[in-house]
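The structure under discussion appears below in the form of structure tokens.
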Amino acid sequence: MTALSLALAIPLLGAIGIALAGRRPNLREGVTLATAGLLFATVLRLLDPVLAGERPQLTLFEILPGLSIAFRIEPLGMLFGLVASGLWIVNSVYSIGYMRGNDEQHQTRFYVCFALSLAAALAIAFAANLLTLFLFYEALTLLTYPLVTHAGSDKARAGGRTYLAILMGTSILFLLPAVIYVWHVAGTTDFTAGGILPAGMDSGTLTLLLALFMFGIGKAALMPFHRWLPAAMVAPTPVSALLHAVAVVKAGVFSVVKVIVYVFGLDQLAGATDWLVAISGFTIVAASVVALNADNLKRRLAYSTVSQLSYVILAAAILAPLSIIGAALHIAAHAFGKITLFFAAGAIYTAAHKTEVSQLDGIGRRMPWTMVAFGIGALSMIGLPPAAGFISKWYLISGAMSQEAWAVVVVMLLSTLLSAAYFLPVLWRAFFRPLSAEAQQHCHGEAPLPMLLALTCTAAGTLALFFFPDAPLALARQLLPTP
Numbered sequence: 104m105t106a107l108s109l110a111l112a113i114p115l116l117g118a119i120g121i122a123l124a125g126r127r128p129n130l131r132e133g134v135t136l137a138t139a140g141l142l143f144a145t146v147l148r149l150l151d152p153v154l155a156g157e158r159p160q161l162t163l164f165e166i167l168p169g170l171s172i173a174f175r176i177e178p179l180g181m182l183f184g185l186v187a188s189g190l191w192i193v194n195s196v197y198s199i200g201y202m203r204g205n206d207e208q209h210q211t212r213f214y215v216c217f218a219l220s221l222a223a224a225l226a227i228a229f230a231a232n233l234l235t236l237f238l239f240y241e242a243l244t245l246l247t248y249p250l251v252t253h254a255g256s257d258k259a260r261a262g263g264r265t266y267l268a269i270l271m272g273t274s275i276l277f278l279l280p281a282v283i284y285v286w287h288v289a290g291t292t293d294f295t296a297g298g299i300l301p302a303g304m305d306s307g308t309l310t311l312l313l314a315l316f317m318f319g320i321g322k323a324a325l326m327p328f329h330r331w332l333p334a335a336m337v338a339p340t341p342v343s344a345l346l347h348a349v350a351v352v353k354a355g356v357f358s359v360v361k362v363i364v365y366v367f368g369l370d371q372l373a374g375a376t377d378w379l380v381a382i383s384g385f386t387i388v389a390a391s392v393v394a395l396n397a398d399n400l401k402r403r404l405a406y407s408t409v410s411q412l413s414y415v416i417l418a419a420a421i422l423a424p425l426s427i428i429g430a431a432l433h434i435a436a437h438a439f440g441k442i443t444l445f446f447a448a449g450a451i452y453t454a455a456h457k458t459e460v461s462q463l464d465g466i467g468r469r470m471p472w473t474m475v476a477f478g479i480g481a482l483s484m485i486g487l488p489p490a491a492g493f494i495s496k497w498y499l500i501s502g503a504m505s506q507e508a509w510a511v512v513v514v515m516l517l518s519t520l521l522s523a524a525y526f527l528p529v530l531w532r533a534f535f536r537p538l539s540a541e542a543q544q545h546c547h548g549e550a551p552l553p554m555l556l557a558l559t560c561t562a563a564g565t566l567a568l569f570f571f572p573d574a575p576l577a578l579a580r581q582l583l584p585t586p
């Protein structure tokens with residue numbers, strides 16, 4: 104069996120093993136960790152061949168001539184696959200501490216759905232064509248629904264309904280017709296460097312088709328189809344990390360970049376993306392303003408994610424080579440930074456039972472490791488060194504300047520100021536205000552060790568991507584057309 108086949112099969116087999124071990128928690132969690140580690144090792148084996156120009160592929164079956172369920176690893180998919188499989192390991196470690204520390208119910212179902220969600224995410228990452236991507240995009244929505252509604256409360260079910268309605272509604276009403284139209288006019292849905300659409304399509308048709316894709320990929324949370332993301336914050340923190348960093352939103356912005364690069368092609372879209380630049384720019388600023396006024400920490404992080412996702416969309420819409428590199432790099436940088444922030448939020452909830460920013464006075468004295476990690480994640484989201492977000496933002500702004508898109512530069516600078524305005528006060532409260540009497544009574548130290556280990560690892564990863572960006576950069580550069 105090839106490494107590609109193994110990568111797709113391992114999380115499915117792991118889900119079966121987790122279900123069989125459900126009555127023995129230690130064994131169940133051991134299977135989870137072993138599956139996550141084996142998956143990452145398998146995906147990592149594919150990195151050198153892809154960097155060397157190989158494109159491993161696998162066809163499961165053909166539905167119609169030119170229409171198949173198939174997989175092929177290209178540079179962007181390789182990057183997404185590495186991020187998703189690597190972060191599953193630390194998320195699994197974190198989940199053990201969180202689920203046990205909060206005495207959560209239905210833990211076996213949680214771990215099974217998590218494994219199946221990773222299987223769908225890897226299938227999206229390695230999809231060779233639009234049909235395969237669409238099918239597993241839908242599967243990912245359905246598999247994460249039980250995780251969003253995990254608590255079983257009325258609030259959780261309401262959040263789950265919003266989650267399902269927006270993601271399924273946008274994909275069926277917009278994304279599916281776009282996929283069918285591409286097959287109709289191109290005779291194929293295979294992702295191809297330079298695009299597959301026939302040359303000379305009129306600008307009106309291109310604009311409409313692009314709009315169907317951009318709004319149909321609801322997981323990218325482009326306004327006005329973003330409400331599913333804050334609604335899903337009713338889920339446990341490890342699920343929030345899955346939604347924001349490991350799989351769901353990454354599948355969204357990954358699909359956006361893949362469609363622009365491999366379906367339309369940068370040259371074909373010249374002059375047809377001005378509206379997308381405007382909407383993604385608006386989303387960045389508007390979501391940042393909402394985050395600035397949110398006292399609930401997870402809500403603040405959720406709207407930060409809405410804003411940060413549109414960095415990727417904006418970078419892709421600029422159509423500049425440097426901005427395409429920035430879009431790919433930001434998928435990885437955002438994943439490490441945002442998962443660190445959510446891990447920290449979950450640790451605060453577990454150790455101190457605090458959910459609001461206004462409740463965090465002095466908590467950095469009792470939970471210094473957690474809040475330092477939060478600070479590193481915040482630096483990355485703001486785009487400051489020595490965190491990974493600085494590099495992706497550098498490429499994005501450089502791409503905008505190369506196109507003389509000065510409005511985009513202004514948006515990015517304004518977003519940087521807004522990000523600082525909603526992240527730095529959290530750190531100020533944590534470290535420079537006196538510990539409240541309530542916190543002294545209820546917070547006696549850090550969260551359970553597995554949670555602390557996980558958030559320390561992802562914070563270190565955020566720094567490591569700044570100092571050692573060679574592999575992500577090499578993959579991102581392979582997205583550009585060969586001169």
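Using the working numbering, read the sequence shown as starting at 104 and increasing by one per residue.
Cβ atoms here follow ideal geometry from the backbone N, Cα and C, with glycine treated the same way.
Can you grab the Cα-Cα spacing for the pair residue i / residue j, in whole Å?
i, j, result
"A375", "F316", "13 Å"
"K401", "F571", "30 Å"
"P553", "T453", "12 Å"
"G140", "L582", "28 Å"
"Y631", "E507", "Look at the range of the chain in this structure, 104 to 586, and you will see that residue 631 is not part of it."
"A231", "N194", "27 Å"
"W509", "F367", "25 Å"
"G263", "G255", "10 Å"
"R469", "L379", "45 Å"
"F445", "G321", "21 Å"
"L227", "T235", "First, the amino acid is wrong: residue 227 is Ile here, not Leu. The alpha-carbon atoms of I227 and T235 are separated by roughly 7 Å."
"L270", "A557", "29 Å"
"A523", "S483", "10 Å"
"V512", "L332", "26 Å"
"E241", "I275", "9 Å"
"G180", "M202", "31 Å"
"G486", "F493", "4 Å"
Quick check on this structure: which residue in the options has the alpha carbon closest to the alpha carbon of residue i?
i, options, result
"L267", "A334, G290, G307, L312", "A334"
"S383", "I451, L325, V359, V352", "L325"
"S306", "L278, L372, I119", "L372"
"V514", "H433, S343, A389, S483", "A389"
"D377", "T340, K361, V349, A419", "A419"
"L610", "W509, A436, P537, Y414", "Any question about residue 610 goes unanswered here, given that the chain covers just 104 to 586."
"G465", "G125, F534, F493, S256", "F534"
"I192", "F229, A344, Y284, L234", "A344"
"H253", "T235, R212, L221, I283", "R212"
"L578", "L149, M336, I166", "L149"
"A106", "P528, L123, L142, R126", "L142"
"S391", "S410, A381, N399", "S410"
"S495", "A438, G169, L527, S274", "A438"
"A110", "G125, F294, A218", "A218"
"D398", "P528, Q208, V215, V134", "P528"
Buried or exposed for residue i, please, with buried defined as at least 16 other CB atoms from any protein chain shown within 10 angstroms of its CB.
i, result
"K258", "exposed"
"E459", "exposed"
"E157", "exposed"
"A430", "buried"
"G467", "buried"
"Q210", "buried"
"F328", "buried"
"I166", "exposed"
"V356", "buried"
"L520", "exposed"
"S188", "buried"
"D573", "exposed"
"V352", "buried"
According to DSSP, is residue i helix, strand or coil?
i, result
"E459", "strand"
"S539", "coil"
"S256", "coil"
"N399", "strand"
"H209", "coil"
"F143", "helix"
"F571", "coil"
"F328", "coil"
"G480", "helix"
"T105", "coil"
"E507", "coil"
"D464", "coil"
"T376", "coil"
Per DSSP, which residues does residue i bridge with? Please list them.
i, result
"N232", "D293"
"Q371", "Looking at the DSSP assignment, Q371 forms no beta bridge with any residue, so it has no partner."
"E165", "S171"
"Q160", "R175"
I'd like to know whether the C-beta of residue i is nearer than 9 Å to at least one C-beta of chain D.
i, result
"I275", "Protein chain content of the structure displayed is limited to a single chain, and chain D is not contained in it."
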